[in-house]
RNA sequence: GUGGCUGUAGCUCAAUUGGCAGAGCGUCGCCCUGUGGAGGCGAAUGUUGCGGGAUCGUUCCCCGUCAGCCACCCCA
């Protein structure tokens, strides 16, 4: 078949996939709004300069979709939202009421090799609080994440949010006398630890210029799951998480560093427990300097992002995908013959005016074909307006699940159809199962 | 950007050392001129991803390319 191909890494949302996307959007909205966050959005296209400051070299130089527009300007499809958010805040910095609590769900693009859990086009939930720099504010964001996980059926047994603090790690690195210009490489080293064999990881560390003593010290730190007790921030954070009722989801992990350069304090990442996907389902942290970097006055923020691709795979593999209703409309008005075509259209109009979602078969066709169609579409009721009914001022209403049908007058029709649509609602659940 | 595997009907996949392109599911039609789901019968759909090469001859071998998957890199 000689179809024109889709652009590599882009996604087509057939109705079923669209249902999943909208389901995630609904759950994201519910979790965000339950904590009082407001929805916003930024431009889908930005200049590369916006990201150059702090987003990380890989993301800017290798993973951005950058091209020239017709005016010769270099533009970028947004690879993330936080820098846009920082600018938006900076623009209205003096007129906003703080703390600002904002969330967003929209498309992003990153030019990378598509593979499981990674496409070049994806949807991402972003949620941030700005203007309060406290462990309790960090805890709130983590609690929003946990609330979302719970709402899609991921219990604490199935998903964990791992938490660390960059300031704590920095002071530990200070104690080991790791040089400032080595910090970034050491961060990457820590990030990579779970993915490498320990012997090779050791070699790699020494190659980076760490002494054996520093390496041993580093390994002590990374294996110390009580390290958080040394950090007042983390101690307060975990207390707040307890009060927020989400402690069951949380684990301290000194190995969590995160790649983005702008994180300065608390950092966290959520993983599905089986780790069949080695990717974080969400991640974020506190950034103290980002606003100043885009030209605003210093203002601290905390937030996280969650991609739809990994989330969708996790839910699917856990058997937590809801059974999405495929029914475009619950009621079909059949068309009996040419001379009754417009009467069927008028009948459908009448029902729609009464607030029902109604489809008319768009042409004259044999009834079996029309019923078959209604069946495939999982519709609940089919209406027949044939010569007999027309003569008596009636309409036949058929219950497509039971097969029963009755002829009713126009006066009784509405209640009858409404009753069917409601009573059969349970056959096409939109809520979650299992 | 690097490496590995894969690419055959709408979908999932067969096809013997290189010798006529197949099945299941789905779709459509009929059985059934006022009634769907089950069943029976029948039909349609192929540039074997694309381009080149070797060969009497290729879905099969070789090269290139594109796409998907997997791993690396990075990250949501």
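Residue numbers (our numbering): 2 to 435.
We put the CB at the ideal spot given by N, CA and C, even for glycine.
- Taking 8 angstroms as the upper bound for CB-CB distance, residue 286 and residue 310 are not in contact here, some 21 angstroms apart.
- Inter-residue distance for residue 405 and residue 399 is about 6 angstroms (C-alpha atoms, whole angstroms).
- Between the alpha carbons of residue 117 and residue 97 lies a gap of roughly 41 angstroms.
- Nearest Cα to residue 263 within the set 198, 218, 295 and 24: 295.
- Assignment of residue 67 by DSSP, reduced to helix, strand and coil, places it in the strand class.
- Taking 4 residues as the shortest admissible run, the stretch 353-420 contains the following complete alpha helix (DSSP H) segments, listed from N- to C-terminal end: 368-377 and 388-393.
- Straight across, the Cα-Cα distance linking residue 178 with residue 172 is about 10 angstroms.
- In the three-state DSSP reduction, residue 169 falls in the helix class (H, G or I).
- The bridge partners DSSP lists for residue 270 are 163 and 284.
- As a beta-bridge residue in DSSP terms, residue 307 pairs with 126 and 283.
- Under the three-state reduction of DSSP, residue 222 is assigned to helix.
- DSSP, reduced to helix, strand and coil, places residue 174 within a helical segment of the structure shown.
- Two segments are said to touch when three or more pairs of C-beta atoms, one from each, lie closer than 8 angstroms; by this definition the stretch 42-52 touches the stretch 77-86.
- In the displayed model, residue 107 falls within a strand according to three-state DSSP.
- The beta carbons of residue 359 and residue 345 sit no closer together than 8 angstroms.
- Between residue 146 and residue 305, the CB-CB gap stays under 8 angstroms.
- The continuous beta strand (DSSP E) containing residue 332 extends over residues 332-334.
- The beta carbons of residue 169 and residue 228 sit about 7 angstroms from each other, so the pair counts as a contact at 8 angstroms.
- Using a Cβ distance threshold of 8 angstroms, residue 103 and residue 26 do not count as a contacting pair.
- Contact between residue 357 and residue 386 is ruled out by a C-beta separation of about 16 angstroms, above the 8 angstroms threshold.
- Looking at the backbone, the Cα of residue 410 and that of residue 379 are separated by about 25 angstroms.
- Taking all protein chains shown into account, residue 307 has 16 or more neighbouring C-beta atoms within 10 Å of its C-beta and is therefore buried.
- Rounded to the nearest whole angstrom, the CA to CA distance from residue 174 to residue 24 is 43 angstroms.
- In the DSSP assignment, residue 191 falls within the unbroken alpha helix (DSSP H) covering 184-192.
- For a cut-off of 8 angstroms, the C-beta gap from residue 133 to residue 251 is around 20 angstroms, too long to register as a contact.
- For residue 252, the enclosing beta strand (DSSP E) starts and ends at 251-253.
- When C-alpha distances from residue 324 are compared across 224, 20 and 249, the shortest belongs to 20.
- By the 16-neighbour rule on beta-carbons within 10 angstroms, residue 288 is buried.
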